[in-house]
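A quick write-up on the structure given underneath.
In our numbering, the protein residues as written are -4 to 124.
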């Protein structure tokens, strides 16, 4: 489990992958125990009638950070925080969080981007990287 900022060479590789692919997987950021805890918390929250009603048939937990501090900690720990700041800038702010769980062979097909003038993939050539 990583809880410190990453070495600069690794940060640059991750940022390059992010700009190239639109995402970057960073292995071992969370321990197996943390993943189990988050799965259990998600299951508990998802069982609530209000959450089931709001999810409209999908396994979606909206704003889980409002339900348990463990979800907030995901964004304020290292190396997550420093990587996000490297990509979005030091003044970036938290805007929202959802948990979406798909069954095998199932996928969410209605993704969208809010404020699409702010984030494009791939980035246009005039946007500095």
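Yeah, the Cβ is synthetic: ideal placement off N, Cα and C, and Gly gets one too.
Query, Result
"Where the alpha helix (DSSP H) through residue 64 begins and ends", "64 to 71"
"Where residue 15 sits in the DSSP three-state scheme", "helix"
"Residue interval of the alpha helix (DSSP H) (run including residue 20)", "Element bounds for residue 20: n/a, residue is neither H nor E."
"Check: residue 33 C-beta below 7 Å from any heavy atom of the ligand FMN", "Absence of the ligand FMN is noted for the structure shown, with no ligands found whatsoever."
"Sheet register partners of residue 55 (DSSP bridge)", "95"
"Beta-carbon proximity check, residue 92 vs residue 65, cutoff 8 Å", "no"
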